[in-house]
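In what follows, a single structure is set out as C-alpha cells and then discussed.
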Amino acid sequence: MKLKALTLNGFKSFADQTKIEFNGGLTGIVGPNGSGKSNIIDALRWTLGEQSAKSLRGDKMADVIFGGSESRAALNRAEVTLEFDNSDQTLQGLPEEVVICRRLYRSGESEFLINNKNVRLRDINELFMDTGVSRNSFSIISQGKVEAVFNSKPEERRSLIEEAAGISKYKKEKQKAQTELLETTDHLDRVADIIGELESQKAPLEEQASLARDYLAQKKQFDHFELSNLVLTMANLREEIDHTTAQLNSNELLSKKYERQKAAQEQVTEKLTAQSEQLENKLSDLQNNLLEFSKQKERISGKKEMSQQEQEFHRTRVQELEGQLAENQTDFTDAQQRFDQLEEQVTEKKRQLAQYQNALTELEKQQQTSPADLAATIENLRSKILTMAQEQSALQSKLEYLTDGQKNEQGQSLQHKKALSVQKEALEELRSRSERAKEDLAAWVEKLNQLQEKQSTLKQEEAELTKEYETKKNQWYAASDILHRAKAQLNALDNVAANYSGYYQGAKNILQARSDVSGVVGAVAELLQLEAKYSKAIETVLGGQLQNVVTTNEQAAKKAIAYLNQHRAGRATFLPRTAVKARSLPLSLSEQLTSMPGFLGIASDLVEVQPEDQVILEYLLGTTIVVQDLDAAVQIAKMIRHQGRIVTLNGEIINAGGSMTGGTSQHKRTGLLEQKQQREKLSADIQKMQDQLKNVELAGKQTSADLETKKARQKNLAEQLAEVQEKKAQAAEKAAGLALEIEHGQESYEQAQHTWQEQSQIKEKRALQIKSIQSQQKETANKLAELQTALAEKQTATTAAADSQKQYEKKAAQLKQDAALERERLDSLQIQLKEVQNQKLHLDGLIKKQTAMIKELKEQTKVHASSDHDLAIKVSQLEESIQQATSALEALTQQRAEIKAQLNDEKLKLQRVTGLREAARDEQQKNQVQLSRLSTLLDRNLTDLSEKYGMTYEYAKQQELETDPTVVARQLKLLKMGLDDLGEVNLGAIKEYDRVNERYEFLAQQQNDLLTAKSQLESSMYEMDQEVKQRFKQTFERVAEAFRHVFPQIFEGGSAYLSLTDPSDLLHTGIEITAQPPGKKAQQLSLLSGGERTLTAIALLFAILEVTPVPFAILDEAEAALDDANVTRYSQYLRRLDDHTQFIVITHRKGTMVQADVLYGVTMQDSGVSRMVSVSLADVI
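Basically this note's numbering = 1-based index in the sequence shown + 468.
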C-alpha cells in the first residue's frame, strides 16, 4: 500500500487547495524555516485521527483552520485528503484506490470520510490497526521520536517492539476482558448474597404454610358473626345520626338568624365609624387651617409693626430735617441780607475812593513847582510813613473784621458740635440696637441650623430605620418562606410516613390498618433511635428487615397475616416480641473487638429502642459489628474468622463466610431511617425557625415603633422649625429696619460732620489770618517807627520849608491817606462779600438736599401707610377666618362626641349579637363533630362491610343473620380466642414459597453460568498473554538481530545489541541499548555523544523497518542532529530501504536532498500562505 497523494485545503498555512503527489522511492520536502513544511506532517497525522491539538502545535483544534493573513481573510473550514494505492489489499475489503478525508468547520463540526462515505473516528483507527500506518506508528518519524528512543526509560522503549509486533489489538482485547471479568465477579458477589438471603427465607415459609388451612375454617364462622355485629351496629348509628341531624338543623337556623342580626349591626357600626373618621379628618383639617391662619396673622402683625416703626422713624427724621431746613433757611436769609449790605457798602466805598482820587488829581494840578531834594526826601519819607500807616490801618480793619467773624463762628461751631454729638449718640444707639438685632438674628439662625441639622439627623435615622425595617420585613418574609417550605417538606415527609410510602405492599397495608388489627406495634424503622452517622450502616445492614412489623405476640402476628390474606393486601414479615430470641456475639469475642482499631461497637449497642423491644433489636443487630471503614472491617473479619457480619459507616458489608458487598448506585434513594431522621431534624429546625421568626417579628415591631417615634419627633421638629423660621424672618426684618435707620442716621451725621468740619476749617483759616495780620501789624509798627525817626531828623533839617509847600503836602497827604484807607476798606468788604457768597451757596445746597430727603421720607411714609391699611385688612380677614374655623371646630367636636357615644352603644349591641351567634355556632359545631363522628363510624362500618364482605347495608340486612347482640358478642369472643390460639397465619406462604424456591433455583443456575464465564475469561486472558509473549519475543529477537547488522553499516564499523531488563517477565520487561561506535568501548546509550545517540536511535528505527516494513514512512528532520558525514550515510541507507518502503523526507540537509528522487519546495510568497514547487531530480540529472 503506497501513499499516492496528499491534498490540503484551508489547513493551517495552506489556504489554497494544494495537492502533493508521491511516487515510489524517496521524496524530499525542503524549504526555509516557517514556510509550512511541518504542516504537511501535521495534516497527515490529523487525517489519520489525531485528536490532540497540542500534538498539532495548537491550543485548540480550530487552530488547524487557516486563520488569515495581512492579505487573506480567515477560512471557516479545513480539509485534508489522503489517496492510497490498495492494489495489494493491505486494507482488506476496500477497492484498489482508497481515499481518506477529514473536514473540520470553525463551528466545531467535524467529519471523516472513506471513499466519500461518512465514517467514525473509530472506523479510521480500526482500518489502519496493525498496518503500520497510524498517527503514532513508525510511518511518521520526527526528530522528537528519535530523541524519545534514547531519552526514554527501558520500560517505555518496549512500546517500539510492541508496535512492530502488532500486539496492540491483543492488549485492547485483554483490557476489555479484564473489564468483563470485574463485572462478572461483581455479579457473582450479588448473586451469592441473594442466594444466601433466599436460603434463610425458605425454611420459615414452609412452616407458615402448614397453619393456613386451620385458620380458614374458623375464619369463616368469625366472618358470619362479625357481619351480624356490623349490621346491628350500623342500625344504631343511623338512629343517632337522624337525631343529631335534627338538632344540627335547628342550631343552624338560629345561627343564621344571629348572623343576619350581626351583619345589620355591623353595617350600622361601620356607617358610624365612617362618619367618625370623616369628622376626625375634618377636625384635623380645621385644626391645621386654624394653625395656618394664626401663623399668617402673626407674620402680618409683625410686618405691620415693622411698618409702623419705620413710619415713626420717618416722621422723626422728617421733623429733624425740617428743623435743620428752617435753621439753614434762616441762615441763608441772614447771609443774603449780609450779602446785600456788603454789596451796598462796596458800591459806596468805590464812589468815595473815586472822589478822593479826583481831589488828589486836582490838588496836584494846583501844585506846579517841584520841592527841593530835601523836601522830596521828606516827602518820600512821609509817603512811606503814610503807606505804612495805611497798611497798619488796613491790617487793623482786617483784624477787627476777622475777630468779629471769629466770634460769630465760635457760636455756630458750638451749636453744630452739640447737634453732631446728639446725632452721634443717636447713631450709636441705633448701632447698638442693630447689633442686638443681629445677635438675635444670629441666635435664631443658629437655632434654625441646629433644628435643621437635627431634622437632617432625624431624617437620616428615619431612613436607616426604614431601611432596617424593610430589611427585617424582607428577612421575615424570607424566613417565613423558608419556614413554609420546611413545613411543606415536613408535611410531605409526614404524609410519606403516614402513608408508609417506600414500604412493601404487605407491610404498608398492615401498618395502615393497625387500628383494626390489635397487637401491631409498628415497623422496625419506626422503633429505632440512632445517631445520624450510623444511619447508612444500619440502613444497609438491615435492608428490607426495616419493614418487618413488630407485634406484641404470636397471636397478634397471626391476626395481621390473616388480615393480609383476607384482603389480599400483600405479604409482610412479623417479629412477635414473645417469640423472637435475642442473638449476640460471644463475650470473649466482644472483649477482643474493643481493642481493634476502627471498631465502633456492636450495632445493637449503638441503637436505642423501648425496653420491651430490646429483644427485637438484639435479634436483628446483636451479631452485627459496626466499624469505621473497609480496611478495619477486613482486619476484624480476619480476626473473628468471618463468623459475624460487619458493616462500615459507608455501608460496605462483609458477610459471615467472607463475601463482601459495597459500591454506590447512580441514583441515591432516601432510606426509611434517613426519612425518619429528616423528619425529626425538620421538626427541630421548624421549632427553631418559629422562634427565630418570632424574634424577627418582635424586632420588626420594635423597629416599626421606633420608626413611628422618629416620625412623631420629625413632625414636632417640623413645627418647631416653622416657628423658628418665622422668628428668624421677624428678626431679619427688624435688623433690616434698623440697618435702614442707621443708614439714614449715618447720612445725617456725615452731613452735620461735614458742616462742622467746614466751619472748623473756616475757623482755623481765620485764626491763621488773624495771626498773620498781627505779625504784619508788629512789623509795620517797627518800620513806621523807623520812618518817623528819619522823618523827624529830616524835618529838623528842613525847618525852613515854605508854608505853602507844607499846606500842599499836608492836604495831599491827607487825601492820599484817606484814599488808601478807603481802598483798604473796599478790599476788606470785597473779601467779606465773597465769603458771604460762598456761605450762601453752601446753605442753598443743604436746603435742596434736605428738601429732597424730606420729600422722599414723606413718600415712603405714604407707601407704608397704604401697606398698613392692606395689612390691617388682611389681619381682619384672618381674624374672621379664625373665628369661623373656631366655631366650626367647636361644632364638629360636639358632633364627634355625639357620634362616638352612639358608636359605643352600637358596638355593645354588636358584641351581644356576636356572642349569641358564637354560642349558636359552638352548639352547631358540637352537633357537626358529633354527626361527623357518627358518620365516620358508619362509613367505616360500611367500608368494612364492603371491603370484607363485598356487601351493601341493604343487602346485608336481607341475609340470614343473628339478631341477638348478646349471642353475637359471645360467639365473636370465642372465635377470636380460637384464632388467637392459632397465632400468626400466612395464607400466602405456599405461593411465596414457590416463588422463592423458583427464584433460588434460577439464581443457582445463573451462579453456575457466571462461574463458567469467569473461567472462560481467565482462560482467554491467559491465552492472550501467551500470544503477546510469543510475538514480543519473536519480534524482539528479529529486531535485535537486524539492529546488530544495521548499526555497523550506518556507523561503518563498531557494534551494538539490544537486551531485556527482565527476560523472565516478557509482559513488562524493558529494553536496554548497548552500542560500541568505531574506536570506542561498548557502553549504554545514555553515555554516547549527541550525534552518536541520534544515529544509534535511527539505526534502531531502520532495524524495526527492516523487520516489519511499513507501506510508507515520513521522516521529519530526523537527521537534524547529525554531521555531514553521518547525513550522507543516513541518506544512502534510506536508498537501500526504498524498494519496500515509500519514504517522504522533510530536510534541510544537502546530503539527504541529493538522494531524493523528487524534491518539493515549500515557499511563502504571500505572507502567511504556503505554496508548493516540485522538481524531479532524475529528469534533471
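Using N, Cα and C, we set each Cβ at its ideal position, and we do this for glycine too.
Under 7 Å between C-beta atoms of residue i and residue j
i, j, result
"V1017", "I978", "yes"
"E1574", "A1510", "yes"
"V1095", "L1057", "no"
"N1163", "Q715", "no"
"L1485", "E648", "yes"
"R1603", "I1518", "no"
"K505", "I1582", "no"
"G1446", "Q686", "yes"
"E1495", "Y638", "yes"
"V1009", "A1050", "no"
"Y971", "Q1015", "yes"
"G1112", "K1004", "no"
Helix, strand or coil at residue i according to DSSP, with G and I counted as helix
i, result
"M1632", "strand"
"I635", "coil"
"S1344", "helix"
"S1642", "strand"
"T939", "helix"
"N586", "strand"
"S1532", "coil"
"T1257", "helix"
"R1597", "helix"
Bridge-paired residues (DSSP) for residue i
i, result
"G526", "Beta-bridge pairing links G526 to no other residue."
"K487", "T475"
"Y573", "R545"
"D553", "K470, E565"
"F1042", "V1017"
"M1128", "I1122"
"S1523", "Q1544"
"G990", "V1018"
"L516", "Answer is none; L516 lacks a bridge partner."
"I1070", "I1093"
"Q1551", "A1543"
Proximity winner among the options, relative to residue i (alpha-carbon distances)
i, options, result
"T934", "K852, T871, K1178, K955", "K1178"
"T1354", "A483, L650, N757, N507", "N757"
"A1472", "R1045, L666, L581, S1344", "L666"
"K487", "L1309, E1247, V548", "V548"
"L1443", "H692, I950, K644", "H692"
"T653", "G1522, K1233, P1579, G1130", "G1130"
"N554", "M469, D1432, E623", "M469"
"L1061", "I1093, S924, P1545, Q519", "I1093"
"P1516", "H1310, P1546, A1190, Q1498", "P1546"
"E594", "E623, S620, L559", "L559"
"P1054", "T1091, L1085, L1325", "T1091"
"A947", "E893, I846, D1153", "D1153"
Contact with chain C by residue i, beta-carbon distance below 7 Å
i, result
"Q1158", "This model lacks chain C altogether, as it is built from one protein chain only."
Notebook entry, point to check: Is there contact between the region 1035-1052 and the region 1165-1174, where contact requires at least three CB pairs shorter than 8 Å?
Noted result: With the cut-off at 8 Å, the region 1035-1052 and the region 1165-1174 do not touch.
Margin query: Taking contact to mean 3 or more Cβ pairs, one atom from each stretch, closer than 8 Å, check whether the region 1356-1376 and the region 731-746 are in contact.
Written below: yes
Check: Does the pairing of the region 488-496 with the region 1613-1628 give three or more beta-carbon distances under 8 Å?
Finding: yes
Checklist line | the region 623-637 / the region 1457-1465 touching (three or more Cβ pairs under 8 Å) | finding: Put simply, the region 623-637 does not touch the region 1457-1465. Fewer than three CB pairs are less than 8 Å apart.
Next item on the list: Examine the Cβ distances between the region 1530-1549 and the region 644-659 and report whether three or more of them are shorter than 8 Å.
Entry: The answer is no - the region 644-659 does not touch the region 1530-1549, with fewer than three Cβ pairs under 8 Å.
Next item on the list: May I ask you to verify whether the region 984-992 touches the region 1022-1029, counting CB pairs closer than 8 Å and requiring at least 3?
Entry: yes
Next item on the list: Evaluate the contact criterion for the region 562-571 versus the region 579-586: three or more CB pairs, one atom per stretch, below 8 Å.
Entry: yes
Check: Taking three-plus beta-carbon pairs below 8 Å as touching, is the region 785-796 in contact with the region 1307-1323?
Finding: In this structure the region 785-796 lies against the region 1307-1323, because at least three pairs of beta carbons, one per stretch, are closer than 8 Å.
Check: Counting Cβ pairs, one atom from each stretch, are 3 or more of them under 8 Å apart for the region 508-520 and the region 533-541?
Finding: Not touching, per the Cβ criterion.
Notebook entry, point to check: Can you find at least 3 beta carbon pairs, one from the region 1228-1241 and one from the region 817-829, that sit closer than 8 Å?
Noted result: no
Notebook entry, point to check: Per the contact definition of three or more C-beta pairs closer than 8 Å, is the region 989-1005 in contact with the region 1075-1091?
Noted result: Judged by pairs of C-beta atoms under 8 Å, the region 1075-1091 touches the region 989-1005, as three or more such pairs exist.
Check: Counting pairs of beta carbons, one from the region 1186-1203 and one from the region 912-924, are three or more of them closer than 8 Å?
Finding: yes
Note to self: With three or more beta-carbon pairs closer than 8 Å as the criterion, would you say the region 1418-1429 touches the region 692-706?
What the structure shows: The answer is yes - the region 692-706 touches the region 1418-1429, with three or more Cβ pairs under 8 Å.
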